[in-house]
Structure formats: C-alpha cells, structure tokens
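Written below as structure tokens is the structure these notes are about.
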Amino acid sequence: TGTWWPSNTWPSSASSIPQRCAIPRSPWSSTAERCAWAIIALGSIIRLRLYLVNRSLWSDEARLALNLINRSFAGLWQPLDWRQGAPVGFLMLEKTVISILGSGEYALRLIPLLAGILTLVLFLFLAKRLITPGAGLIALGMMSFSKGLIYYSSEMKQYSTDVLVTVLILLATARCFEK
C-alpha cells in the first residue's frame, strides 16, 4: 500500500529475527592444517628476512622515530612533531621497546615485525571459524605473501599493527556470532 518495502519480506516481530548468524564451517583436515602452518612459516620467514636486511630508515620513519626517541611516554599523548601521527597504543609499544632495546633500526621495527607474524597466526584462526579449508588456504596465502603486508612488517610505522587489530576485531566478532 504505497510502501517501498515488500510487506512479505519484513519480519513480523522481533522474535522472528534470528538471534545469531549461523556461520557455515567445514572441519579442517590435518593436511589442510599442516599446509596452513607451512604457509605461515614461509610468510614469517619472508618477513624476518626483510627485517634482517636492516635497511636505513626512510624520512617518514625517521621523523616518527625522532618523536619516539625525544619524547617521554606522557609526551606521546601530545600532537607529534614533523606532521606525524600514529595510534597511541602503537607509540607506547614502540617507546617501551626503545626503553628496553635502544633506538636502533632493529628495535624500532620489532613491533611491526611481531605484529605482521602474529597477524598470520590469528588470520588462520579467523579463517578456520569462517570459511572452508580451501578458501582459507587461499586467503592465508594472500595474507602471507602480500607484497604490501610483507613490506609493512619491516617498516617502523603502525600499518602492520593496524592489520593485526583489524584481524583481532574480526576474530572477536566471529566469536560473538558463535555464542
């Protein structure tokens, strides 16, 4: 009667709306599981190799590093110098590493490296919750061998931690739908 929404597709009451989404999953075989861990190992080795090259900081990394080195923990809550910006959590983790290990390139890039590797592991758990083994292995391969994600795992910027946080949020969301 003059409405744009077809009346037969709208739920008649709140009780007819499903309380949770059913996430179709098929179990992962031990072969698929071993393949997944092999993909993660290869992706981690590639990230570690690039990290160990220990290239010089480029200008954007150096400007962020100067903020981290020259400021106290409390000073990192203020706007950063040299047109830099990063999430405070990332800055605090980086400052902690600098306080313990010093301000060399290896120390400055440790958090992005660990975030990049941990992302692969958590992505496997996410894939196992949401998609079939075949699709999961393809997705995990894309995450493991993505040129951008590999590069960001060895760059002293927050990008690999952004990806890690995104995977954590997706994993938590998938877990909520399972309950």
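First residue of the sequence shown? That's 103 in the numbering used here, and the numbers climb one at a time after it. Note that CB positions come from ideal geometry on N, CA and C, so glycine has one too. Since we're looking at a predicted model, the values are computed, not measured.
Next item on the list: Please state whether DSSP places K230 in a helix, a strand or coil.
Entry: K230: helix per DSSP, three-state reduction.
Check: With a CB to CB cut of under 8 Å and the five nearest residues on each side skipped, what residues in its chain are close to L159?
Finding: Same-chain partners within the cutoff: A167, E207, L210 and M258.
Margin query: Using only CA atoms, which one of L215, R185, G187 and Q186 lies nearest to V199?
Written below: Relative to the Cα of V199, the nearest Cα in the group L215, R185, G187 and Q186 belongs to L215.
Checklist line | Coarse secondary structure for M296, derived from DSSP in three states | finding: The first residue shown for the chain is 103 and the last is 281, placing residue 296 beyond what the model contains.
Check: Thinking C-alpha only, which one of E163, F225 and S174 is nearest Q186?
Finding: The shortest Cα separation from Q186 among E163, F225 and S174 belongs to E163.
Checklist line | Own chain partners of K197 with C-beta closer than 7 Å, once the 5 adjacent residues on each side are dropped | finding: Closer than 7 Å at Cβ, skipping near neighbours: L170, F175 and L178.
Next item on the list: With F175 as the anchor, note down where its alpha helix (DSSP H) starts and where it stops.
Entry: Judged by DSSP secondary structure, F175 falls outside any alpha helix (DSSP H); it is assigned neither H nor E.
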